[in-house]
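The numbering of the sequence shown is the numbering used here, which starts it at 35 and goes up by one. C-beta: ideal position from N, C-alpha, C; glycine also. This report refers to the structure that appears directly beneath it.
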Amino acid sequence: MIGTVIICHGNLAQELLKAAELVVGPLENTLAVSINSKDNPESGRAKIAAALDAVDQGEGALIFTDMFGGTSSNLSLSFLGERNVEVVSGVNLPMLIKLPFYRGTGNLREMAEFIREYGQKHISVASSLLSRKKEGEKEKS
């Protein structure tokens, strides 16, 4: 099974994991890592390495970060050349909810691409979405 590590500023990673587990139940082989202002690059990298060691069962790990270019993302990117990982930035709740239903159906790269696309697809502006829905209902009648 491909492992998963969610890495975000503050407590966001833990809270996203809790929220996802409220919807789909426990997410196997998934850990959350907080990057705080007190962390220096070495301690942040050590926390990520420990989480990767814990979740990688030989098929690699998918790392979710909150924001590309942020500390959590930059530290995660440093593992690309030395471990079997993919880094997906901009994690959202739909991505984590979809995760258990996709695991085991593809390789690490395919999973990263699918989950990224799924997360992007589930970002919407409510008024635009609702107006398109109303227009569709008018066309049917």
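(message) Here's the rule I'm using: 16 or more other beta-carbon atoms within 10 Å means buried, otherwise exposed. How should D87 be labelled?
(response) By one-based count along the sequence shown, residue 87 stands at place 53. It is exposed - the Cβ of D87 has fewer than 16 other Cβ atoms within 10 Å.
(request) Locate the beta strand (DSSP E) running through E120, then write down its first and last residues. (result) Within the sequence shown, numbered from 1, the residue matching residue 120 stands at position 86. It spans V119 to S123 - the beta strand (DSSP E) in which E120 sits, taken as one unbroken run.
(message) According to DSSP, is L96 part of a helix, a strand, or is it coil?
(response) As a first step, residue 96 is located in the sequence shown; it is residue number 62 there, counting from the start. Here L96 sits in strand by DSSP.
(message) I'd like the span of the beta strand (DSSP E) that includes G37, first residue to last.
(response) Indexing the sequence shown from 1 puts residue 37 at position 3. It spans G37 to H43 - the beta strand (DSSP E) in which G37 sits, taken as one unbroken run.
(request) Taking A146 as the reference, give the member of G78, S68 and I97 with the closest Cα. (result) By 1-based counting over the sequence shown, the position of residue 146 is 112. Ranking G78, S68 and I97 by Cα distance to A146 puts I97 first.
(message) What does DSSP give as the partner residue(s) for S68 in the beta ladder?
(response) What you label residue 68 is simply residue 34 of the sequence shown in a count that begins at 1. In the DSSP output, where bridge partners are listed per residue, S68 has C42.
(message) Are the CB atoms of V89 and L65 within a distance shorter than 9 Å?
(response) Along the sequence shown, one-based indexing puts residue 65 at 31. Along the sequence shown, one-based indexing puts residue 89 at 55. Contact flag set, yes.
(request) Examine the Cβ distances between the stretch 99-106 and the stretch 35-47 and report whether three or more of them are shorter than 8 Å. (result) Yes: at least three Cβ pairs fall under 8 Å.
(message) What does the alpha-carbon distance come out to for the pair S68 and R117?
(response) As a first step, residue 68 is located in the sequence shown; it is residue number 34 there, counting from the start. As a first step, residue 117 is located in the sequence shown; it is residue number 83 there, counting from the start. Roughly 20 Å separates the two Cα atoms.
(message) According to DSSP, simplified to helix, strand and coil, what is F135?
(response) The residue labelled residue 135 in the question sits at position 101 within the sequence shown. Three-state result, F135: helix.
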